[in-house]
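S.K.:
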Amino acid sequence: MPKKQFIDPGKVRKPGKITFNSIPVNQYNREIEEERNQYTDDDFLRIYRDMFVIREFETMLHEIKTKNEYQGLAYNHPGPAHLSIGQEAAAVGMAYHLTVDDFIFGSHRSHGEILAKGLSAIHQLDDDALMQIMSAHFGGRCLRIVEQASKGSVKDLAVDFLLYGTLAEIFARDTGFNRGLGGSMHAFFTPFGVYPNNAIVGGSGDISVGAALYKKVNRKPGIVVANIGDASMGCGPVWEGISFAAMDQFRTLWQGEYQGGLPVIFNFMNNQYGMGGQTQGETMGYDILARVGAGVNPEMMHAERVDGYDPLAVIDAFKRKKEILLDKKGPVLLDTLTYRYSGHSPSDASSYRSKEELEAWLEVDSIKGYGESLTKSGVAGESVLADIQRHVKELIYNAFKLSVHDDVSPRMDLRKSPGLIGEMMFSDGSQDAMLEGEPDSLMPLEGNPRVKQILKKERFAFDKEGKPFSKLKQFQLRDGIFEAIIDRFYKDPSLVAYGEENRDWGGAFAVYRGLTEAMPYHRLFNSPISEGAIVGTAIGYGMAGGRVVAEIMYCDFLGRAGDEVFNQLPKWQAMSGNIIKMPVVIRVSVGSKYGAQHSQDWSSLVAHIPGLKVVFPATPYDAKGLMNAALQGTDPVIFFESQRIYDIGEHFHQGGVPKGYYEIPLGEPDIKKEGSDITMLTIGATLYRALEAAEILEKKYGLSAEIIDARSLVPFNYEPVLESVKKTGRLLLSGDANTRGAYLNDMAKTITDIAFDYLDAPPVVVGARNWIVPAHELEDYYFPQAEWIIDAIHQRIIPLKGHQPVNDFSDETMLDQSKKGV
Amino acid sequence: MAVPVVMPRQGQSVESCVITQWVKNKGDQVNAGDILFSYETDKASFEAEADVSGTLLDVFFEEGDEVPVLTTVAVIGKPGETYERRPADAKKPEESVMEEAPPATTTDNQPQEIPGKTPRASGLPPNEGETGRQMRKRISPLARRIAAMHHVDTRGIDGTGPKGRIIERDIRDRMLSAGKAGTSFVPEKQPPVHSTASIDGAIASTGGYTDHAMSNVRKIIAAKMAESLQTAAQLTHHISADARKLLALRKEAKENSVQTGGISITINDMVCYAAVRALKKHPGINGHFLGDRIRTFDKVHLGVAVDTDRGLMVPVLKNADDLNVQGLSARLKQLANDCKEGVIDPGLLSASSASFTVTNLGAFGIELFTPVLNIPQIAILGVNAITYKPCDLGGGTIGLIPVIGLSLTYDHRAVDGAPASRFLSEIKYEVEHIQ
């Protein structure tokens, strides 16, 4: 909290009341005649065409799903098809005034939005720009397919390209917009400003805010639209995204041209159903969705309900709202009322709605109604509209024919190239900066008080006699992280860092102390206590082209960002066909002392999820080198830090932690102590307990232990560990994650598979108990201790002469505990 | 009725053979006695003849296939006749490595495999088979490997690992307590192979070379030699013996054989004879080092290295101590010829069939070399060329006399330097006093 904002008790305790302004509902009420000064006849007809393109595209998919054919050509599409038949006016109206600089994010039901935004972009771009975009996409592969059959202008070609690329993507073809890896619910095409659609309801609710943050921080033109469903109003990430977007600080604390609201519209495509649940009247309580805006900020998010069955009403609304955003008064909430005739999916029997209701909406169908008003006002005769329909059907059929042809549109050959998708999980880039330019800062790096203070510290923990310097004098692990991050702040202008208490406080564990003085608000700020939005916005920020370090204050709070960490962050690089990069580092602090909800090591959970890199350094040297590597890369990295050792000095790296820049490649374990009789592989702060155990083993039992610090979980190079195990014949693995399902078991299994013949006993995993983490005073019974390690070695690997074990590592106990589920 | 053609069993120790060439092809007319195919064992090659006449209806293995003995490889019959397909392989050519070693108390004076038991790969103690498995002895993979490598009998070891598992230190203790050179115990280091790789990398890029596939025999020799040098603590002592008597006898024998048409006794025959006599006086050398014990033999089973076109072969002359020099000479010649013609009984080629080996490079003018142990044998004698050496002839006269070089390689794990030297001196004595 900034000191300059004084919370005056006299003011805040004063009696008063909150008043609300009214929220417009379906206020647009203009006829075609009245809009002729805004639109040419061609514009009116183009709106009609775009709506019909969506209608026919979705109808085609409906036919395929229900009848396995379209216009006589048979095809089976086993994948999803969440159709938006009935919602065309909302999509076309939304896209009409958006440029390619304006990004839209979607939902599982966004085919219409892709097409509408694509058609709008094609209309706006000149031929050269279109050709350039089409030839650049996967080396023109998609273009070459449509080029042969396409007749007419470059714009016609681009329409074919759009239809084909989207459809081939839906059908999982290698020639689709995302090489078939996105599919129906995730298809997108960034050159037209179409950003990922999202199969998780409300998934775009916070990701889109991150893209808006990117535009603001990096002064990029354009706005961001989150097209999400009405039912997503019930999702935490959407609320968190709204909270984040509406933070006061954008107006009160951000300075100069950075001051002002985020350029984002939360556009609720309100088709009034969340699958079969009626949002108004059953599953939500807002009566009219737009009402929600009233509670968010004094501007009431400029909320409005607009009739999504009238394309001109939606166009009008977006024109006005876009102006608000460009005026830096966002965010905006739009409740775009619409209706879908098709079910949630083809398997939906519509048991939740009456025939009468469906018929009533068909009666006011937007395409029918808009068409009638066009003929009534004399913009076009019925035959013109019929011609448009016939032409569109032809285009759709042609795209369909091409996209289902296995020779023209093959799928990825995973038999021939089994590693193809695996190679796409990471971009493995190395980039000093994601954007060019001079990084904004408040002072030169050398002038920073923390930088100066650190320079006086001892970069190796021990003096020449081997005596440790005092803790305060030692260069600590937190200093290592700080040095890497501040260095990158001065290298990469796109880098931003945020999380809870990151500014002023300097992070709950003082990693960022000194950073507040160095960085302006738009590069370092406090977020709401919204872990979902912290990670979600970081994803949007990275996806849009920036680099970001987001912080989760306690590992336990990762659960609050579950969807973002498990479903979003790891997926988009591969799901985009490697078009998107994700230079996002999530710092996760692993606690202790604070009991069951503040002390868990969940590194195993994230290591399980494909698409994330996971590191857990335990020394200042490793922390700095790994953070440097993480920040140089272009992949999502979950960067674990143990609160137990933020203050640890450098015990291993001779010569101390280098002052200059260096990287430690992700995935390389490090031998911290050489030995010959047993290998101990540790993750995180357990390294120091293993070292204690090694000392006891050596002094008391004459066993020499080799200690390897895993440093990374994903990726991981097993070779040094295997070499060690082949030498010692024995292996113990330890870390602070509770034992059941711990990643250590995976490592033990892999090593056993490869080095079985070299083992003198099965590897033993010594993790934490499968309990709640108890109070600090009882923690020694929960987390692995040196004594446990000795006991486990004695009982399971090599009995130690004269040793009296205290902890029970017997088969019987293991089996018994397992039976009880602990 | 169609008649199956089976892979013959060539000797007790042979479990499988490699088909080297099909002389007849599927569909060919064959007569009884025609050569159907050639095949080879570890050390010899053979040809299989058709037992019956007819059409070669089918062949079930290709050239290069390793076929367990007594397996049906082909079938001969009348065209169109039905025949049984080749039954699924009854057993793999090589059973997994033994779990148990033979009883430590064995005093069997025959190093040959015991008839009726499944033969094992030579050099490895026979498997106790099912009993060993049923016992479910706990032994760590590492301990098992080390025991196998050093021929340590794991039976009777009380494992000190968890649940009585035999672990590495138990094997190490057993090796130490058995009086073996504990210091020679090398854990799991394999011989470095990187040198070949790097040479290959350096020179291969310049081209101008040919890769030669290795014959079965070559591969066996390679493995055996490498194993010998890796596992045994071998070293070589050299001595030279006055060869005047040898040369005199040789001359006499040569003249005799020309006159009588009888066999001509060679220098090598005489040295072999001397060695056999020396072995009788030094029974500690006449045996095998078996890791946890030393087995000495009552009789001398003399292995003799023979150079053939197919590579080095070492046939054994059983009970060599029963023969006089003439008998010895005759039998050695027969064995050498059998080897050269590839008709030697493979059972006589196993290293464990012999109790001691003599190898001779004297014919090549070699004056000194270090023979490689034919493990598990404890020692091997190398015979060198005859050279001339100054010698005190008595009466203040120094003259040149012919001497023959003798090089004894022995396994220091089994024998110390002094007894080995005494044994070598004994051979020298026998050579110099040969009758």
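Keeping their order, the protein sequence lines are chains B and Z. Counting in this note's numbering, the first sequence runs without a single skipped number right up to 923 at its last residue. Counting in this note's numbering, the second sequence runs without a single skipped number right up to 461 at its last residue. Just so you know, even glycine gets a beta-carbon here, dropped at the ideal spot from N, CA and C.
#1: For chain B, is any of its Cβ atoms less than 7 Å away from the one on Z:E214?
#2: Do B:I769 and B:A730 have their C-beta atoms closer together than 7 Å?
#3: Taking Cβ-Cβ distances shorter than 7 Å, what residues in chain B pair up with Z:P169?
#4: Between which two residues does the alpha helix (DSSP H) containing Z:D348 stretch?
#5: For a test of the three-state rule: what should DSSP assign to B:T690, helix, strand or coil?
#6: In whole angstroms, what separates the C-alpha of B:F527 from that of B:F290?
#7: Give me the residue from Z:I197, Z:S378, Z:P188 with the minimum Cα distance to Z:R170.
#8: Within a Cβ cutoff of 6 Å, which residues of the same chain sit near B:P594, ignoring the five residues on either side of it in sequence?
#9: Can you list, in chain order, the residues of its chain whose CB lies under 8 Å from that of B:T384, leaving out five sequence neighbours each side?
#10: Less than 7 Å between C-beta atoms, sequence neighbours within five positions excluded: which residues of the same chain meet that for B:A887?
#11: So, is the C-beta of B:F910 closer than 7 Å to a C-beta in chain Z?
#12: At the level of alpha carbons, what is the spacing between B:S478 and B:S185?
#13: How would you write the range of the alpha helix (DSSP H) that B:Q225 sits in, first residue to last?
#14: DSSP has Z:C417 in a bridge; who is on the other side?
#15: Spell out the partners DSSP gives B:E824 in its beta bridges.
#16: If the cut is a Cβ gap below 7 Å, which residues of chain B does Z:I460 touch?
#17: Rounded to whole angstroms, what's the CA-CA distance from Z:A405 to B:L916? Just pull it up for me.
#18: Is it the case that the segment 281 to 289 of chain B contacts the segment 610 to 627 of chain B, given that we only count it when at least three CB pairs across the two stretches are under 8 Å?
#19: Cβ of B:G266 less than 7 Å from any chain Z Cβ?
#20: Distance, Cα to Cα, B:E566 vs B:L804?
#21: Where do the N-terminal and C-terminal ends of the beta strand (DSSP E) with B:N846 fall, by residue?
#22: Does any CB atom of chain Z fall closer than 7 Å to the CB of B:D858?
#23: Taking the beta strand (DSSP E) that Z:G80 belongs to, which residues open and close that run?
#24: Just the chain Z side, please: which residues come within less than 7 Å of B:G830 by C-beta, in chain order?
#25: Which of helix, strand or coil does DSSP assign to Z:I453?
#26: Using the rule of at least 16 other Cβ atoms within 10 Å of the residue's Cβ for burial, across every protein chain shown, is B:K166 buried or exposed?
#27: Under 7 Å between C-beta atoms, does B:R897 make it to chain Z?
#28: Scan the segment 866 to 900 of chain B for residues whose Cβ lies nearer than 9 Å to a Cβ of chain Z and list them as they occur along the chain.
#29: Could you name the residues of the same chain whose beta carbon sits closer than 7 Å to that of Z:T222, not counting the 5 residues immediately before and after it, in chain order?
#30: In terms of residues, what are the limits of the beta strand (DSSP E) holding B:L782?
#31: Starting from the C-beta of B:L860, find all residues in its chain whose C-beta is less than 8 Å away, skip the five residues before and the five after it, and write them out in chain order.
#32: What residues in its chain sit with their C-beta under 6 Å from that of B:L434, if we drop five residues either side in the sequence?
#33: So within the segment 566 to 646 of chain B, which uninterrupted beta strand (DSSP E) runs reach at least 3 residues, ignoring any that extend past its ends?
#34: Just the Cα atoms here: how many angstroms apart are B:I223 and B:I749?
#35: Kindly provide the ranges of any alpha helix (DSSP H) runs that are 4 or more residues long and lie completely inside the segment 231 to 288 of chain Z, ordered along the chain.
#36: Do the CB positions of Z:G329 and Z:A70 come within less than 7 Å of each other?
M.R.: Put simply:
#1: Low per-residue confidence applies at Z:E214: pLDDT is 41, beneath 50, and the placement is therefore not dependable enough to give any value.
#2: It is Glu, not Ile, that sits at residue 769 of chain B in the sequence shown. Result no, Cβ atoms of B:E769 and B:A730 do not sit closer than 7 Å.
#3: The sequence given here has Ala at residue 169 of chain Z, not Pro. Neighbours of Z:A169 on chain B, chain order: D861.
#4: No alpha helix (DSSP H) contains Z:D348, which DSSP labels as neither H nor E.
#5: It is Ser, not Thr, that sits at residue 690 of chain B in the sequence shown. B:S690 falls in the strand class under three-state DSSP.
#6: Distance between the alpha carbons of B:F527 and B:F290: 20 Å.
#7: Ranking Z:I197, Z:S378, Z:P188 by Cα distance to Z:R170 puts Z:I197 first.
#8: Leaving aside the five residues that flank B:P594 on each side, the residues in its chain whose CB is nearer than 6 Å to its CB run, in chain order, L536, G538, P540.
#9: Scanning its chain for C-beta atoms nearer than 8 Å, with the 5 sequence neighbours on each side dropped, one finds around B:T384 the residues A332, G335, G375, G378, in chain order.
#10: These residues qualify, in order along the chain: R790, E793, A794, I797.
#11: No, no contact with chain Z.
#12: The alpha-carbon of B:S478 is positioned some 28 Å away from that of B:S185.
#13: If you look at B:Q225, you'll find it in the alpha helix (DSSP H) that goes 212 to 225.
#14: BP columns for Z:C417 point to Z:G425.
#15: DSSP lists no partner for B:E824.
#16: Neighbours of Z:I460 on chain B: none; closest Cβ ~52 Å, over 7 Å.
#17: Straight-line spacing of the CA atoms in Z:A405 and B:L916 works out to 54 Å.
#18: Put simply, the segment 610 to 627 of chain B does not touch the segment 281 to 289 of chain B. Fewer than three CB pairs are less than 8 Å apart.
#19: Chain Z contact via Cβ: absent.
#20: It is roughly 26 Å from the alpha-carbon of B:E566 to the alpha-carbon of B:L804.
#21: Looking at the DSSP string, B:N846 is not in any beta strand (DSSP E); the run it does join, the alpha helix (DSSP H), is 844 to 856.
#22: Closer than 7 Å to some Cβ of chain Z, the Cβ of B:D858 qualifies, so yes.
#23: First-last of the beta strand (DSSP E) with Z:G80: 80 to 85.
#24: Neighbours of B:G830 on chain Z, chain order: L168, E194.
#25: Here Z:I453 sits in helix by DSSP.
#26: Result: buried.
#27: Taking Cβ atoms only, chain Z reaches closer than 7 Å to B:R897, which makes this a yes.
#28: Among the residues of the segment 866 to 900 of chain B, those with a Cβ less than 9 Å away from any Cβ of chain Z are H895, Q896, R897, I898, I899, P900, in the order of the chain.
#29: Low confidence applies here, because Z:T222 scores a pLDDT of 41, under 50, leaving its location unreliable and the question unanswered by this model.
#30: Per DSSP, B:L782 belongs to the beta strand (DSSP E) from 779 to 784.
#31: The residues are V826, G830, R831, L832, T853.
#32: If we look at B:L434 and ignore the five residues flanking it on each side, its Cβ neighbours are F367, G394, M402, A404.
#33: Within the segment 566 to 646 of chain B, the complete beta strand (DSSP E) runs of at least 3 residues are 597 to 600, 625 to 627.
#34: For B:I223 and B:I749, the distance between alpha carbons rounds to 58 Å.
#35: 242 to 257, 270 to 286, all fully within the segment 231 to 288 of chain Z.
#36: In this structure, Z:G329 sits away from Z:A70, with a CB-CB distance that is not shorter than 7 Å.
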